[in-house]
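Worksheet: one structure, shown below.
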Amino acid sequence: MGYDLNFAVVWRNFDKIWGGLLLSLELAVLSIAIGIVIGLALALAHVSGGRLVRGLIATYVETIRNVPLILLVYLVFYGLPQVVDIRYGATTSFVVTLSVYAGAYLVEVFRAGLEAIPGGLIDAGRALGLTPWQRFAHVRLPTMTRISLPALSNTFISLFKDTSIASVIAVPELTWGAQWINLNTFRIVEAYLIATAMYLFTGYVLLFLLRLLEWRFRVTRNA
Amino acid sequence: MTEPLLSIRGLRKSFGTTEVLKSIDLNVERGEVVSVIGPSGSGKTTLLRCVNFLESYEGGSIKIDGVEVGFAEGRRRRGERSLARMRAETGMVFQSFNLFPHLTAADNVMLGLRKVRGKSRDEARAIAEKWLDRVGLSQKADALPAELSGGQQQRVGIARAVAMEPKILLLDEITSALDPELVGEVLEVVRGLAAEGMTMLMVTHEIAFARDAADRIVFMFDGTVAAEGPPTELLAQVDDHPRLAAFLARFRASHF
Amino acid sequence: MLDAMIYALPFLMKGLWVTVLVSVLTVSISLCAGVLLGCGLVYGPLPLRLLVRLFSDTIRGIPILVLIFFVYYGFPAIGVDFAAFWAAVTALTLFKTAQVIEYLRGAVQSIPKGQTEAGMAIGLTFRERLTSVIFPQALRRFLPPWINGVTDAVKGSALVSLLGVTDLMHSINQVIGRTYEALPLYILGALIYFVINYTLSLLSRRLERRFSFTQA
Numbered sequence: 000m001g002y003d004l005n006f007a008v009v010w011r012n013f014d015k016i017w018g019g020l021l022l023s024l025e026l027a028v029l030s031i032a033i034g035i036v037i038g039l040a041l042a043l044a045h046v047s048g049g050r051l052v053r054g055l056i057a058t059y060v061e062t063i064r065n066v067p068l069i070l071l072v073y074l075v076f077y078g079l080p081q082v083v084d085i086r087y088g089a090t091t092s093f094v095v096t097l098s099v100y101a102g103a104y105l106v107e108v109f110r111a112g113l114e115a116i117p118g119g120l121i122d123a124g125r126a127l128g129l130t131p132w133q134r135f136a137h138v139r140l141p142t143m144t145r146i147s148l149p150a151l152s153n154t155f156i157s158l159f160k161d162t163s164i165a166s167v168i169a170v171p172e173l174t175w176g177a178q179w180i181n182l183n184t185f186r187i188v189e190a191y192l193i194a195t196a197m198y199l200f201t202g203y204v205l206l207f208l209l210r211l212l213e214w215r216f217r218v219t220r221n222a
Numbered sequence: 000m001t002e003p004l005l006s007i008r009g010l011r012k013s014f015g016t017t018e019v020l021k022s023i024d025l026n027v028e029r030g031e032v033v034s035v036i037g038p039s040g041s042g043k044t045t046l047l048r049c050v051n052f053l054e055s056y057e058g059g060s061i062k063i064d065g066v067e068v069g070f071a072e073g074r075r076r077r078g079e080r081s082l083a084r085m086r087a088e089t090g091m092v093f094q095s096f097n098l099f100p101h102l103t104a105a106d107n108v109m110l111g112l113r114k115v116r117g118k119s120r121d122e123a124r125a126i127a128e129k130w131l132d133r134v135g136l137s138q139k140a141d142a143l144p145a146e147l148s149g150g151q152q153q154r155v156g157i158a159r160a161v162a163m164e165p166k167i168l169l170l171d172e173i174t175s176a177l178d179p180e181l182v183g184e185v186l187e188v189v190r191g192l193a194a195e196g197m198t199m200l201m202v203t204h205e206i207a208f209a210r211d212a213a214d215r216i217v218f219m220f221d222g223t224v225a226a227e228g229p230p231t232e233l234l235a236q237v238d239d240h241p242r243l244a245a246f247l248a249r250f251r252a253s254h255f
Numbered sequence: 000m001l002d003a004m005i006y007a008l009p010f011l012m013k014g015l016w017v018t019v020l021v022s023v024l025t026v027s028i029s030l031c032a033g034v035l036l037g038c039g040l041v042y043g044p045l046p047l048r049l050l051v052r053l054f055s056d057t058i059r060g061i062p063i064l065v066l067i068f069f070v071y072y073g074f075p076a077i078g079v080d081f082a083a084f085w086a087a088v089t090a091l092t093l094f095k096t097a098q099v100i101e102y103l104r105g106a107v108q109s110i111p112k113g114q115t116e117a118g119m120a121i122g123l124t125f126r127e128r129l130t131s132v133i134f135p136q137a138l139r140r141f142l143p144p145w146i147n148g149v150t151d152a153v154k155g156s157a158l159v160s161l162l163g164v165t166d167l168m169h170s171i172n173q174v175i176g177r178t179y180e181a182l183p184l185y186i187l188g189a190l191i192y193f194v195i196n197y198t199l200s201l202l203s204r205r206l207e208r209r210f211s212f213t214q215a
């Protein structure tokens, strides 16, 4: 066996880990924010659009969901600049990729949420004399949000884990930090143990916070 | 005097800290039809589920033909095998039918016959067809439950229970989940079984049916037997039993 | 654009073969391990249930990439020597096993309690209930999400390229390294992955519709 755990080296370089974690969270938050905009817009378009619109959206969704994220990351970072006159850093490129990725999953989440709204609610809105926009803003949107919250939470936590892929284009997030320590200090096990622990811990904290949020906005109230 | 088929003495059961059955005494003679009625929370379904040990009980005894249901000699919990054999002697029909969705109606009836009674496939099929015919569903023998109406599914459920030739049939609010127009066909079947001498313990909301078909009505309230007796007697003496009177009044009020 | 794709195709096909190999190995081993552990989670004694729960939650709580690196770098450190290929397969298998455990748990626990009770009521023993009532229904609830999950194995396999395993993703990058035409290659690669995974996804959906009669 002969491997002695030496965490001191890791602590010396903890800034890479901690900074990496913060960046991972930032990436996740940015991506889900943009992803929500994309997802919501497309979900609404899907529900009210014709066959062409629905077909296009389906193509987008299916493509993103069936292709490995790492390939998408490479494609956006290395591939696009070859044809489009665009130049961006790795981080920006990754946020773009992950947002588009998130959008594809969120379209489904929001579409399901919209379809799960009981028809009776919309009828009630009509009966009250609300205009379509009012119905949207005051009935459909709030209800859909509450229904979609659990799926949204899960997507966010997934995205947080997916930020690890950013390490392949040298974005200095958590996994990259662990790799750096590994390759520069050879403290392999310690580096990844810490990274694992941070992902797990953060995941649980996020889960806890999100469950709190869900509870606050829950749709059913049990007797 | 012969021993009753089902003999319940001092039955006690709690869910956590809540006592649900508070020392129940009840007998069911061979060939008798006993109907248990009462408000929700009175413990009537729990009582039924103790008889085939779907619920365990902490105190008292339940004996079928003199044999204790849940425990073997010396108050030891029955083993898996022994419990299964006991349960084969009781038939149960459920409120939500609980048909096996991946099996046809005939297969549903045949499963117990083949695995528990050891019948061959042909024997089991013949028995299943006979009972499905009895409940008026010979046309639907090869249909899946998803293709049947609620009333039809429940009739298959009855066939499945009765085909095992149990000593006693336990009916747990079997029409509560049915649309009103489908209730009649199910009650018809039960009436027929009662006429043929099937011993039955039935928990039901159908007071009128209980009055007509049962030999005895047991009124439960808050975990005890508050009143019991033959239907006509009991309903005539309703003034002696204020809780029963209140229950029936509420029942009549909501049904007219 | 098209020339670049045509040039690359034979190389990519070799890489595709490795991808398929990795995926098939991952899926089959994780199926066996996952079903076994899943049964342990549902029917086993408390210590086993806690262990499986811990395993499953831990694995699913970390990114696949971290798992892959952990196995690849970590095992040699404790003296177990692994070819990159097997390190990758091991890591992916661990990941999929945790998923399979969840699918199994979901499949069995979504069966209404009344089914078990109906089985008890006609006198079936635990084993008889398991084979005649629970298993047939669990299988039908397990298969659609599991087949869909195979796409995760295929997508995850692309990460093994980072360990130098010459799969499809690696071949793509290799060819790009020579020709410098990135976009056509990535698009071609995306297409190949898409065809594989979309087919699986359609199959899963078809099965789900077919088995919907068990969702009472």
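Protein chains in written order, with numbering that gives the first Met the number 0: chain A, 0 to 222; chain B, 0 to 255; chain C, 0 to 215.
Ideal Cβ placement from N, Cα and C applies to all residues, glycine included.
Query raised in the report: Any idea what DSSP makes of V66 of chain A, helix, strand or coil?
Result: Here residue 66 of chain A corresponds to residue number 67 of the first sequence, with the count starting at 1. Looking at V66 of chain A - three-state DSSP - the assignment turns out to be coil, as it is neither helix nor strand.
Query raised in the report: Quick one: what does DSSP say G183 of chain B is sitting in, helix, strand or coil?
Result: In the second sequence, residue 183 of chain B corresponds to position 184, counting from 1. In the structure shown, G183 of chain B falls within a helical segment according to DSSP collapsed to helix, strand and coil.
Query raised in the report: So, is the C-beta of G60 of chain C closer than 8 Å to a C-beta in chain A?
Result: What you label residue 60 of chain C is simply residue 61 of the third sequence in a count that begins at 1. Yes, because at least one Cβ of chain A sits closer than 8 Å to the Cβ of G60 of chain C.
Query raised in the report: Name the residues in the segment 112–133 of chain C whose C-beta lies less than 7 Å from a C-beta of chain B; which are they?
Result: G113, Q114, E116, A117, M119, A120, I121, G122, L123, T124, F125, E127, S131, V132
Query raised in the report: Roughly how many angstroms separate the alpha carbons of I19 of chain A and R11 of chain A, rounded to a whole number?
Result: Position 20 of the first sequence, counted from the start, is the residue given in the question as residue 19 of chain A. Position 12 of the first sequence, counted from the start, is the residue given in the question as residue 11 of chain A. Checking the sequence shown, residue 19 of chain A turns out to be Gly, not Ile. Between G19 of chain A and R11 of chain A, the C-alpha separation is close to 15 Å.
Query raised in the report: V149 of chain C lies in the alpha helix (DSSP H); which residues open and close that run?
Result: Counted from its first residue, the third sequence places residue 149 of chain C at position 150. Annotation: the continuous alpha helix (DSSP H) that includes V149 of chain C extends over 134–156.
Report task. With DSSP collapsed to three states, give me the class of D171 of chain B. Result -> Here residue 171 of chain B corresponds to residue number 172 of the second sequence, with the count starting at 1. Three-state result, D171 of chain B: strand.
Query raised in the report: Any contact of the segment 26–39 of chain B with the segment 152–164 of chain B, i.e. 3+ C-beta pairs under 8 Å?
Result: Contact annotation: the segment 26–39 of chain B does not touch the segment 152–164 of chain B, with fewer than three C-beta pairs closer than 8 Å.
Query raised in the report: Start and end of the beta strand (DSSP E) containing V106 of chain A?
Result: Position 107 of the first sequence, counting from 1, holds the residue named residue 106 of chain A. Careful: V106 of chain A lies outside any beta strand (DSSP E), inside the alpha helix (DSSP H) at 89–114.
**Report entry** M163 of chain B: contacting residues in chain C (beta-carbon distance under 8 Å)
**Finding:** The count along the second sequence starts at 1 and reaches residue 163 of chain B at position 164. The answer, in chain order, is I121, G122.
**Report entry** Opening and closing residue of the beta strand (DSSP E) in which I7 of chain B lies
**Finding:** If you number the second sequence from 1, residue 7 of chain B lands on position 8. Counting along the chain, the beta strand (DSSP E) containing I7 of chain B begins and ends at 5–14.
**Report entry** Inter-residue CB distance, V202 of chain B and K43 of chain B (contact presumed, cutoff 8 Å)
**Finding:** On the second sequence, position 203 is the one that residue 202 of chain B refers to. On the second sequence, position 44 is the one that residue 43 of chain B refers to. 5 Å between Cβ atoms; contact.
Query raised in the report: Is the number of C-beta pairs between the segment 63–74 of chain B and the segment 0–16 of chain C that are closer than 8 Å three or more?
Result: Counting Cβ pairs under 8 Å, fewer than three are found: no touch.
**Report entry** L29 of chain A beta carbon less than 8 Å from that of V94 of chain A
**Finding:** Sequence index remark: in the first sequence, residue 94 of chain A carries index 95 (1-based). Sequence index remark: in the first sequence, residue 29 of chain A carries index 30 (1-based). Result yes, Cβ atoms of V94 of chain A and L29 of chain A sit closer than 8 Å.
Query raised in the report: Along chain B, in chain order, which residues have C-beta atoms closer than 7 Å to that of P135 of chain C?
Result: Sequence index remark: in the third sequence, residue 135 of chain C carries index 136 (1-based). Going along chain B in sequence order, the residues near P135 of chain C (Cβ under 7 Å) are H101.
Query raised in the report: Per DSSP, what kind of secondary structure is N26 of chain B in: helix, strand or coil?
Result: Residue mapping note: residue 26 of chain B aligns to position 27 of the second sequence, counting from 1. Reduced to three states, the DSSP call for N26 of chain B is strand.
Query raised in the report: Got a sec, what are the start and stop residues for the alpha helix (DSSP H) T162 of chain A sits in?
Result: Counted from its first residue, the first sequence places residue 162 of chain A at position 163. Counting along the chain, T162 of chain A falls outside any alpha helix (DSSP H), and DSSP gives it neither H nor E.
Query raised in the report: Hey, is the segment 96–112 of chain C in contact with the segment 197–212 of chain A, meaning 3+ C-beta pairs nearer than 8 Å?
Result: No: fewer than three Cβ pairs fall under 8 Å.
Report task. Could you say which of C:L49, C:Q114, C:Q108 lies nearest to N107 of chain B if we only look at CA atoms? Result -> Locating residue 107 of chain B in the second sequence gives position 108, counting from the first residue. With distances taken between Cα atoms, N107 of chain B lies closest to C:Q114.
Report task. Decide yes or no for the touch test of the segment 139–156 of chain A against the segment 55–70 of chain A: beta carbon pairs closer than 8 Å, at least 3 of them. Result -> no
Query - Beta carbon of L170 of chain B nearer than 8 Å to that of M197 of chain B - result: Indexing the second sequence from 1 puts residue 170 of chain B at position 171. Indexing the second sequence from 1 puts residue 197 of chain B at position 198. It is not a contact, given that the beta carbons lie outside the stated cut-off.
Query raised in the report: If we ignore side chains and look at the alpha-carbon of each, how far apart do R120 of chain B and T103 of chain B end up?
Result: Taking the first residue of the second sequence as position 1, residue 120 of chain B is located at position 121. Taking the first residue of the second sequence as position 1, residue 103 of chain B is located at position 104. Their Cα atoms are separated by approximately 14 Å.
Report task. Determine the extent of the beta strand (DSSP E) in which M201 of chain B is found, giving its start and end residues. Result -> Within the second sequence, residue 201 of chain B is the residue found at index 202, counting from 1. First-last of the beta strand (DSSP E) with M201 of chain B: 199–202.
Query raised in the report: Whole-angstrom Cβ separation of K21 of chain B and G222 of chain B, contact assumed at under 8 Å?
Result: The sequence position of residue 21 of chain B within the second sequence is 22, counting from 1. The sequence position of residue 222 of chain B within the second sequence is 223, counting from 1. Confirmed, about 4 Å.
Requested in this report: Using the Cα positions of A94 of chain C and D166 of chain C, report the straight-line distance between them to the nearest angstrom.
Outcome: For the purposes of this step, residue 94 of chain C is taken as residue 95 along the third sequence, with counting starting at 1. For the purposes of this step, residue 166 of chain C is taken as residue 167 along the third sequence, with counting starting at 1. It is worth fixing the name first, because residue 94 of chain C is Phe in this sequence and not Ala. So the two alpha carbons sit approximately 19 Å from each other.
Query raised in the report: What are the residues that DSSP puts in a beta bridge with A226 of chain B?
Result: Position 227 of the second sequence, counting from 1, holds the residue named residue 226 of chain B. Paired residues: B:F218.
Query - Sequence-distant residues of its chain with Cβ nearer than 6 Å to Q152 of chain B (five each side left out) - result: On the second sequence, residue 152 of chain B is found 153 positions in, with the first residue counted as 1. Once the five neighbours on either side are set aside, the close Cβ partners of Q152 of chain B are F96, L98, P144.
Query raised in the report: Under 8 Å between the Cβ atoms of E189 of chain A and S152 of chain A?
Result: As a first step, residue 189 of chain A is located in the first sequence; it is residue number 190 there, counting from the start. As a first step, residue 152 of chain A is located in the first sequence; it is residue number 153 there, counting from the start. No. Outside cutoff.
Requested in this report: Have a look at the DSSP bridge pairing and note the partners of M91 of chain B.
Outcome: In the second sequence, counting from the first residue as 1, residue 91 of chain B sits at position 92. M91 of chain B is bridged to B:L169.
Query raised in the report: When burial is assigned at 16 or more other CB atoms within 10 Å of the CB, is Q178 of chain A buried or exposed?
Result: On the first sequence, position 179 is the one that residue 178 of chain A refers to. Buried.
Query - Where G113 of chain C sits in the DSSP three-state scheme - result: In the third sequence, the residue the question calls residue 113 of chain C occupies position 114. It is helical.
Query raised in the report: With 8 Å set as the bound, which would you pick, yes or no: does the beta-carbon of F141 of chain C sit closer than that to a beta-carbon of chain B?
Result: For the purposes of this step, residue 141 of chain C is taken as residue 142 along the third sequence, with counting starting at 1. F141 of chain C does not count as touching chain B.
Requested in this report: Alpha carbon to alpha carbon, how far is R11 of chain B from T17 of chain B? Give it in angstroms, no decimals.
Outcome: The residue given as residue 17 of chain B occupies position 18 in the second sequence. The residue given as residue 11 of chain B occupies position 12 in the second sequence. One C-alpha to the other measures close to 11 Å.
Requested in this report: Check the Cβ-Cβ distances between S200 of chain C and every residue of chain A, and say whether any is below 8 Å.
Outcome: Reading the third sequence from its first residue, position 201 is the one you call residue 200 of chain C. Yes, its Cβ sits closer than 8 Å to a Cβ of chain A.
Query raised in the report: At a Cβ threshold of 8 Å, is Y105 of chain C touching chain A?
Result: For this step, residue 105 of chain C is matched to residue 106 along the third sequence. Residue identity differs from the one stated: residue 105 of chain C is Gly in this sequence, not Tyr. Cβ-Cβ to chain A under 8 Å: no for G105 of chain C.
Requested in this report: In angstroms with no decimal places, state the Cα-to-Cα distance between R125 of chain A and L91 of chain C.
Outcome: Along the first sequence, read from residue 1 onward, the residue named residue 125 of chain A stands at position 126. Along the third sequence, read from residue 1 onward, the residue named residue 91 of chain C stands at position 92. Computed Cα separation, rounded: 52 Å.
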